[in-house]
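Colleague:
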Amino acid sequence: MMDRRNALRLIAAGGAVATLAPGAGWSAEQASGPARRCVVGCARGADGRDRAVVTDIEGRVLMDIVLPDRGHGPSVSPDGRTAMVPARRPGRFAAILDLDAMRLADMLETPDGRHFMGHGVFSPDGRHWVATENDHVRGRGMLSVWDVKSRKRVAEYETDGIGPHEILLDPGGGSVTVANGGILTDRDDRPREKLNIPTMKPNMRRISLADGAVMAGASLSADMHKVSLRHIDMAPDGTVLVAGQDQGPVGMDMPLLFVWPADGGALRTIELPLTKTRALVQYCGSVALDRTGRIGATASPRGGVAMFVDVESGAFLGQLRAPDGCGLARDTRVDGGFFLSSGTGRLDAVRVDAEGTLRREAVSGPNPTTAMWDNHLGAFG
Numbered sequence: 001m002m003d004r005r006n007a008l009r010l011i012a013a014g015g016a017v018a019t020l021a022p023g024a025g026w027s028a029e030q031a032s033g034p035a036r037r038c039v040v041g042c043a044r045g046a047d048g049r050d051r052a053v054v055t056d057i058e059g060r061v062l063m064d065i066v067l068p069d070r071g072h073g074p075s076v077s078p079d080g081r082t083a084m085v086p087a088r089r090p091g092r093f094a095a096i097l098d099l100d101a102m103r104l105a106d107m108l109e110t111p112d113g114r115h116f117m118g119h120g121v122f123s124p125d126g127r128h129w130v131a132t133e134n135d136h137v138r139g140r141g142m143l144s145v146w147d148v149k150s151r152k153r154v155a156e157y158e159t160d161g162i163g164p165h166e167i168l169l170d171p172g173g174g175s176v177t178v179a180n181g182g183i184l185t186d187r188d189d190r191p192r193e194k195l196n197i198p199t200m201k202p203n204m205r206r207i208s209l210a211d212g213a214v215m216a217g218a219s220l221s222a223d224m225h226k227v228s229l230r231h232i233d234m235a236p237d238g239t240v241l242v243a244g245q246d247q248g249p250v251g252m253d254m255p256l257l258f259v260w261p262a263d264g265g266a267l268r269t270i271e272l273p274l275t276k277t278r279a280l281v282q283y284c285g286s287v288a289l290d291r292t293g294r295i296g297a298t299a300s301p302r303g304g305v306a307m308f309v310d311v312e313s314g315a316f317l318g319q320l321r322a323p324d325g326c327g328l329a330r331d332t333r334v335d336g337g338f339f340l341s342s343g344t345g346r347l348d349a350v351r352v353d354a355e356g357t358l359r360r361e362a363v364s365g366p367n368p369t370t371a372m373w374d375n376h377l378g379a380f381g
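Here UniProt numbering is used: position 216 in the sequence shown is 216, and no number is missing along the way.
(1) Do you know offhand how far T82's Cα is from G91's?
(2) Short check: CB of V145 to CB of E156, under 9 Å?
(3) What does a CB cutoff of less than 6 Å around S208 pick up in its chain, not counting 5 residues either side in sequence?
(4) Taking the beta strand (DSSP E) that T177 belongs to, which residues open and close that run?
(5) Among E271, L62, G337, which one has its Cα closest to the Cα of D290?
(6) If you count every other CB in all the chains shown that lies within 10 Å of the CB of E193, and 16 or more means buried, which is it?
(7) First and last residue of the beta strand (DSSP E) that includes T333?
(8) Please report the distance separating the alpha-carbon of E29 from that of G71.
(9) I believe M307 touches K276 by the beta-carbon criterion, under 8 Å. Please report the beta-carbon distance rounded to the nearest angstrom.
(10) According to the neighbour-count rule (16 or more other Cβ atoms, all chains shown, within 10 Å of its Cβ), is L184 buried or exposed?
(11) Does DSSP classify D160 as helix, strand or coil?
(12) Whole angstroms is fine: what's the gap from D99's alpha carbon to E312's?
(13) With distance defined between alpha-carbon atoms, name the residue in D348, L267, R36, T199 nearest to G217.
(14) In terms of alpha-carbon separation, which member of N134, F316, R333 lies closest to A356?
(15) Per DSSP, H231 is paired with what?
(16) Can the beta-carbon of R205 be found closer than 9 Å to that of N134?
(17) Secondary structure at A216, three-state DSSP: helix, strand or coil?
(18) Taking C-beta to C-beta, are D170 and G238 nearer than 9 Å?
(19) G182 and P202 - do their beta-carbons sit closer together than 9 Å?
(20) Whose C-beta lies closer than 6 Å to the C-beta of S77 among residues of the same chain, with five residues either side of it excluded?
(21) Please state whether the Cβ-Cβ distance between G343 and G365 is less than 9 Å.
(22) Quick check: what's the CA-CA separation for G296 versus L320?
(23) For K152, count the other beta carbons within 10 Å of its own beta carbon; 16 or more makes it buried, fewer makes it exposed. Which is it?
(24) Tell me A155's beta-bridge partners as DSSP assigns them.
(25) Enumerated in chain order, which unbroken segments of the alpha helix (DSSP H) with a length of 4 residues or greater are wholly contained in the stretch 256-297?
(26) Which stretch, first to last residue, makes up the beta strand (DSSP E) that contains T199?
(27) With C-beta atoms as the reference, is T298 less than 9 Å away from V287?
(28) Measure the alpha-carbon distance for L340 versus G139 and round it to whole angstroms.
(29) Mind checking which residues open and close the beta strand (DSSP E) that includes S364?
(30) Check each candidate in R49, G113, M63, G120 and name the one with the smallest Cα separation from H376.
(31) Taking 8 Å as the cut-off, is the C-beta of R302 nearer than that to any heavy atom in the ligand GTP?
(32) Per the DSSP calculation, T55 is bridged to which residue(s)?
(33) Residue 393 by DSSP, collapsed to three states: which one?
(34) Taking only the alpha-carbon atoms, compute the straight-line gap between V53 and L104 and give it to the nearest angstrom.
(35) Just how far apart, CA to CA, sit R333 and A362?
(36) Kindly identify the DSSP beta-bridge partner or partners of residue 421.
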């Protein structure tokens with residue numbers, strides 16, 4: 001755990017092993033501000049240390065910040081100038097990254113009895129950051145609201161579930177959608193141990209940022225209660241693609257992809273061919289929608305595959321081999337565009353059309369900074 005003193009010491013020291021200058025041909029103006037086209041994620045370097053990394057789409061490392069432990073899901077502010085990187089559960093730190101100066105700006109830390117759950121989201125004006133947390137004393141999911149400028153924790157709300165994980169801002173900006181994974185974990189004496197698999201109850205919730213009220217919710221049928229709903233992405237109209245991780249016995253072949261309609265109705269199952277469901281090995285590590293919201297992607301590091309679907313029809317569009325592949329982010333500049341990273345250190349740009357034609361182009365390969373990409377990516381610029 002990083003205390004405030006050590007965090008400030010890291011910041012004073014620059015917090016970085018290497019912050020590389022932009023590549024040849026880049027002007028100072030091009031190298032700063034939200035016009036850059038980049039991805040941000042966590043990685044493990046060749047030296048074995050965990051870090052937060054920003055790279056451009058030419059594969060040049062622009063920021064390399066050493067973290068006190070593994071980070072998880074980065075979130076980028078609406079203006080593209082700030083990123084937050086919370087710890088992988090049950091960590092207590094969140095790194096604030098200045099994307100203009102390409103430096104570590106500060107660290108947040110949860111109060112005693114709380115852990116970050118790996119994801120957060122900015123408010124529409126970028127003034128606040130909302131993170132999923134676990135209250136491991138009372139065994140309940142929480143949202144914490146932080147003032148980005150003052151670094152102060154200004155509010156908190158219950159998530160109406162256990163084990164909240166990914167969180168997204170709804171289109172109107174006044175509420176968030178949360179995937180409550182349903183798994184009780186993170187007690188101090190049993191870190192990361194899953195304590196309630198026989199009785200777990202995952203759910204989806206839409207929660208007001210004004211008062212914490214639950215505005216909508218959905219759950220899976222009782223026979224699928226061991227499918228932990230963990231990762232989500234949202235289409236422009238508010239439709240949510242949901243990816244699960246099956247905690248049940250091997251061989252049950254439970255579906256892992258679902259659609260939650262924008263009106264908050266029932267979850268709709270995407271029925272993949274049985275061979276494709278089995279290829280995911282009961283585990284979707286991330287999920288993303290393209291900028292149109294019509295094409296969805298999920299990646300399974302256990303299965304070594306990334307799969308693509310038509311969200312409306314549920315049709316399977318195709319797959320790519322991706323050993324230890326997990327990180328996914330939409331490419332906001334092209335329909336059917338995604339970025340895909342893997343634990344082998346590879347970062348790819350992927351294009352998918354409605355007929356399922358897949359094109360893949362390597363952005364970068366393993367290097368001393370990103371010898372192993374971690375689970376999630378964020379794209380900006």
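Idealized CB from N, CA, C, for every residue including glycine.
Modeller: In terms of the structure at hand:
(1) Roughly 21 Å between the two C-alpha positions.
(2) The answer is yes: Cβ separation under 9 Å.
(3) Within the same chain, and ignoring the five residues on either side of S208 in sequence, the residues whose Cβ sits closer than 6 Å to its Cβ are S175, M215.
(4) Secondary structure note for T177: its beta strand (DSSP E) is the uninterrupted segment 175-180.
(5) With distances taken between Cα atoms, D290 lies closest to G337.
(6) With fewer than 16 other beta carbons inside 10 angstroms of its own, E193 counts as exposed.
(7) A quick correction: the sequence has Arg, not Thr, at residue 333. Element bounds for R333: n/a, residue is neither H nor E.
(8) Only weak support exists for where E29 lies, its pLDDT of 31 falling under 50; the value from the coordinates is given anyway. Cα-Cα distance, rounded: 30 Å.
(9) M307 to K276, Cβ: 6 Å. Contact.
(10) By the 10 Å Cβ count, L184 comes out buried.
(11) When DSSP states are grouped into helix, strand and coil, D160 belongs to the coil group.
(12) Note on identity: in this sequence residue 99 is Leu, with Asp being the wrong assignment. Rounded to whole angstroms, L99 and E312 show a C-alpha spacing of 35 Å.
(13) Nearest of D348, L267, R36, T199 to G217, Cα basis: L267.
(14) The question names Ala, but residue 356 in the sequence shown is Gly. Measuring C-alpha to C-alpha distances from G356 to each of N134, F316, R333 identifies F316 as the nearest.
(15) Bridge partners of H231 according to DSSP: A243.
(16) Contact: no.
(17) Note: A216 maps to strand in three-state DSSP.
(18) The answer is yes: Cβ separation under 9 Å.
(19) G182 is positioned such that its CB atom lies closer than 9 Å to that of P202.
(20) The answer, listed in chain order, is F122, G126.
(21) No, these two residues do not count as a Cβ contact at 9 Å.
(22) Inter-residue distance for G296 and L320 is about 14 Å (C-alpha atoms, whole angstroms).
(23) Classification for K152: exposed.
(24) Bridge partners of A155 according to DSSP: V145.
(25) As far as the stretch 256-297 is concerned, its whole alpha helix (DSSP H) runs of at least 4 residues are 274-279.
(26) Unbroken run through T199: none, as it is neither H nor E.
(27) Cβ distance < 9 Å, so T298 and V287 count as in contact.
(28) Distance from the CA of L340 to the CA of G139, rounded to the nearest whole angstrom, comes to 34 Å.
(29) It spans 358-364 - the beta strand (DSSP E) in which S364 sits, taken as one unbroken run.
(30) Comparing Cα-Cα distances from H376 to each of R49, G113, M63, G120, the minimum goes to G120.
(31) Among the components modelled here there is no ligand, and therefore nothing to report on the ligand GTP.
(32) BP columns for T55 point to V39, V61.
(33) This structure cannot settle anything about residue 393, because the visible part of the chain is limited to 1 through 381.
(34) Between V53 and L104, the C-alpha separation is close to 11 Å.
(35) Each residue's Cα considered, the two are about 17 Å apart.
(36) The displayed coordinates of the chain run from 1 to 381. Any statement about residue 421 would go beyond what the structure contains.
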